[in-house]
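Participant: The opening residue of the sequence shown carries number 1 in the working numbering; numbering runs sequentially from there. Think of the CB as a built atom: it goes at the ideal place given N, C-alpha and C, for glycine as much as any other residue.
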Amino acid sequence: MLFNSIDFAIFLPIVFVLYWHVMQKNLKFQNLFLVLASYLFYGWWDWRFLSLIFFSTGVDFWVGLQMQGQTRLRRKVLLWISIIVNLGFLGFFKYYNFFLDNLIKSFSFFGATLQADSLQIILPVGISFYTFQTLSYSIDVYRGKLEPTRDFISFAAFVSFFPQLVAGPIERATNLLPQFFEERKFDSIKAVDGCRQILWGLFKKIVVADNCAELANRIFNNYDTFHGSTLLLGAIFFAFQIYGDFSGYSDIAIGTSRLFGFNLMRNFAFPYFSRDIAEFWRRWHISLSTWFRDYIYIPMGGSGGNSWKSLRNIFVIFVVSGFWHGANWTFVFWGLLNAIYFIPLYLSNRNRSNLDTVAEHKMLPSLREALQMSATFFLTLIAWVFFRSGSLADAVHYLQIMFSRSIFLAPQIQNKQLIVVPFLLVLIGSEWLQRDKQHALQFEGTNLRLGLRWGVYYALIFAIVFFGGSQQDFIYFQF
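This is the structure in structure tokens:
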């Protein structure tokens with residue numbers, strides 16, 4: 001079920017009313033109801049894969065219980081059961097054909113022939129997200145950071161919680177799971193702010209991302225027929241497509257969770273206002289980058305060892321992050337490229353030099369900050385070309401044309417196709433003014449009058465209804 005669909009527009013109010021007016025007096029009934037609603041939400045896409053979520057839930061619930069009171073060796077064996085089962089499912093559904101195709105090519109390179117047929121595998125939506133979420137539970141129980149739960153319904157609700165089930169944020173068990181054991185009372189202030197965040201997320205997805213997608217798809221799919229200037233615009237449109245698409249989903253997920261009394265972690269913090277790549281990665285897909293930091297980077301030694309080991313760990317974490325996104329060498333190279341961007345900052349000890357809000361307490365950035373943000377966005381733009389392209393050869397060819405002399409020619413785009421540009425300016429301007437807030441419509445503590453606030457809401461609704469692009473699936477559903 002898509003957030004930007006009529007189905008969800010009907011589903012959400014029904015679940016909300018039943019949750020608060022029928023189930024509110026019994027916490028267990030609320031959690032059971034959330035499990036059923038979440039399974040309906042996921043099964044709306046393909047009910048067959050509900051068994052996969054249920055099995056993964058059962059394995060990690062059992063592993064957690066079995067770890068209690070056991071020796072370190074037995075706990076480690078149980079942890080590896082969880083890792084093998086979860087990553088085994090993920091590896092089969094997401095990477096089987098990728099590894100098979102590359103194995104065949106490797107044999108062919110040495111003059112041998114390997115006979116093997118690829119499988120017609122359907123990638124379960126959200127498998128990369130809920131797999132990492134359940135793994136966080138097993139790992140944290142193993143480390144002693146979390147007591148194993150004996151309440152299967154609450155644990156199942158944690159794994160399948162529908163607002164963030166298919167595209168995050170990837171929640172930690174230490175944050176989200178305890179919330180299922182706390183009595184929840186309706187908070188109108190939290191619910192209203194949740195509605196505002198949902199509205200902003202829908203605007204970013206339907207108006208910005210979907211309109212950008214139409215232009216980006218047309219340009220990337222026919223890149224060899226356009227001038228370099230057009231390809232530059234294509235890369236910019238994709239940059240805002242993926243940002244509006246993914247951060248829009250996160251806004252809707254976080255806002256929806258607040259309607260039900262839950263607090264999810266922030267997943268985006270206005271990343272295109274970053275002054276260097278390190279800051280960008282502290283602000284982009286925060287739940288994934290911190291997951292890799294805490295469960296892979298730090299256990300490998302982080303930056304605590306010698307320089308060579310630290311550099312190795314940095315490359316590993318970025319390459320793994322790229323590979324997590326998809327079974328294509330373009331994603332691996334995208335991760336590698338970001339590691340190359342990051343290394344000079346690390347070696348010069350400047351990777352944590354921009355921890356504050358850019359132009360804090362000022363209306364405009366300084367010239368230096370403006371140049372830093374522009375340079376960071378440009379580097380990110382180059383990396384997005386590899387992320388979006390179908391192959392490494394396509395990405396290289398795309399960039400060759402983009403940086404040719406034709407970059408100085410007029411873009412081959414009709415004026416009517418640029419309807420998204422004013423909305424991009426609204427997006428950038430609104431988030432710049434609210435860059436010290438959690439989202440662009442968080443008006444508490446501001447001087448914006450009530451009448452103007454409602455004017456903003458109605459304007460966004462009008463834009464969504466009349467200027468939304470053709471419906472596009474959320475990009476991260478494929479990951």
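#1: Just to confirm, are Tyr272 and Ala239 a CB contact at a threshold of 9 Å?
#2: Kindly list the residues whose CB is nearer than 6 Å to the CB of Phe29, restricted to its own chain and excluding five residues on each side of it in sequence; keep chain order.
#3: Whole angstroms are fine: how far does the CA of Ser289 sit from the CA of Trp497?
#4: Spatial neighbours of Tyr19 within its chain, please: C-beta separation below 7 Å, excluding the five flanking residues on both sides.
#5: If you draw a straight line from the alpha carbon of Gly126 to that of Ala157, how long is it in whole angstroms?
#6: Could you tell me whether the region 429-441 touches the region 352-370, using the rule of 3 or more Cβ pairs below 8 Å?
#7: Could you give the DSSP three-state label for Ser404: helix, strand or coil?
#8: Determine whether the beta carbon atoms of Ser250 and Pro148 lie at a separation below 9 Å.
#9: Answer with buried or exposed for Glu431, where buried requires no fewer than 16 other C-beta atoms within 10 angstroms of its C-beta.
#10: One question on the structure: do Ser406 and Ser229 come within less than 9 Å of each other, judged by their Cβ atoms?
#11: Between Ala191 and Pro163, what straight-line distance do the alpha-carbon atoms span, to the nearest angstrom?
#12: Going by beta-carbon coordinates alone, are Ala213 and Gln472 separated by less than 9 Å?
#13: Within 10 Å of its beta-carbon, does Ser247 have 16 or more other beta-carbons around it, so buried, or fewer, so exposed?
#14: Under three-state DSSP, which class holds Gln412?
#15: Can you say whether Lys25 is buried or exposed, counting buried as having 16 or more other CB atoms within 10 angstroms of its CB?
#16: May I ask which residues mark the beginning and end of the alpha helix (DSSP H) holding Phe226?
#17: Between Leu441 and the rest of its own chain, which residues show a CB-CB distance below 6 Å, the 5 nearest in sequence each way excluded?
#18: Phe333 to Phe318, Cα distance in whole Å?
#19: Can you name the start and end residues of the alpha helix (DSSP H) that Arg196 belongs to?
#20: Could you tell me which of Val85, Trp45, Arg266 and Val320 sits nearest to Pro124, measuring between CA atoms?
#21: Can you tell me where the alpha helix (DSSP H) with Asn338 in it begins and where it stops?
#22: May I ask you to report which of helix, strand or coil DSSP gives Thr149?
#23: Between Phe262 and Leu176, is the Cβ-Cβ spacing less than 9 Å?
#24: Grab the span of the alpha helix (DSSP H) containing Glu360 for me, first residue to last.
#25: Between which residues of its own chain and Asn211 is the CB-CB distance below 8 Å, once the five residues before and five after are set aside?
#26: Look at the Cβ atom of Asn86, then the Cβ atom of Leu135, and state whether they are nearer than 9 Å.
#27: Helix, strand or coil for Leu264 per DSSP?
#28: Got a sec? Which residues, its chain only, sit under 6 Å from Ile401 by beta carbon, not counting five neighbours each side?
#29: With distances taken between CB atoms, is the gap from Trp329 to Ser391 smaller than 9 Å?
#30: Pick out whichever of His285, Leu264 and Thr256 has its Cα sitting closest to the Cα of Phe270.
#31: Taking Cβ positions, are Phe474 and Lys205 nearer each other than 9 Å?
#32: What residue range does the alpha helix (DSSP H) around Val421 cover?
#33: Could you check what DSSP says for Gly244 in three-state terms: helix, strand or coil?
#34: Between Phe89 and Thr131, how many whole angstroms is the CB-CB distance? I'm expecting something under 8 Å.
#35: Cα separation between Gly429 and Ile189?
Facilitator: On the basis of the coordinates in this document:
#1: yes
#2: For Phe29, where only same-chain residues beyond five positions count, the Cβ hits under 6 Å are Met23.
#3: In the structure displayed, the chain extends from 1 to 479; residue 497 sits before or after that span and is not available.
#4: Gln30, Phe33 and Phe260
#5: Computed Cα separation, rounded: 15 Å.
#6: Flag = yes, the region 429-441 and the region 352-370 touch.
#7: Coil.
#8: no
#9: buried
#10: yes
#11: The alpha-carbon separation between Ala191 and Pro163 amounts to approximately 14 Å.
#12: yes
#13: buried
#14: coil
#15: exposed
#16: Note, Phe226: premise wrong, no alpha helix (DSSP H); not H, not E.
#17: Only Arg196 and Trp200 meet the Cβ criterion.
#18: 9 Å
#19: Ser188 to Leu202
#20: Ranking Val85, Trp45, Arg266 and Val320 by Cα distance to Pro124 puts Trp45 first.
#21: Trp329 to Leu347
#22: Secondary structure at Thr149: coil, using DSSP grouped into helix, strand and coil.
#23: Against a cut-off of 9 Å, the Cβ pair of Leu176 and Phe262 comes out as a contact.
#24: Careful: Glu360 lies outside any alpha helix (DSSP H) and carries neither H nor E.
#25: Ile419, Val420, Phe423, Phe467, Gly468 and Gly469
#26: yes
#27: Leu264 falls in the coil class under three-state DSSP.
#28: Gly228 and Leu231
#29: A distance below 9 Å separates the beta carbons of Trp329 and Ser391.
#30: His285
#31: yes
#32: Val420 to Leu433
#33: Look at Gly244 here: in three-state DSSP terms it is helix.
#34: 7 Å
#35: 26 Å
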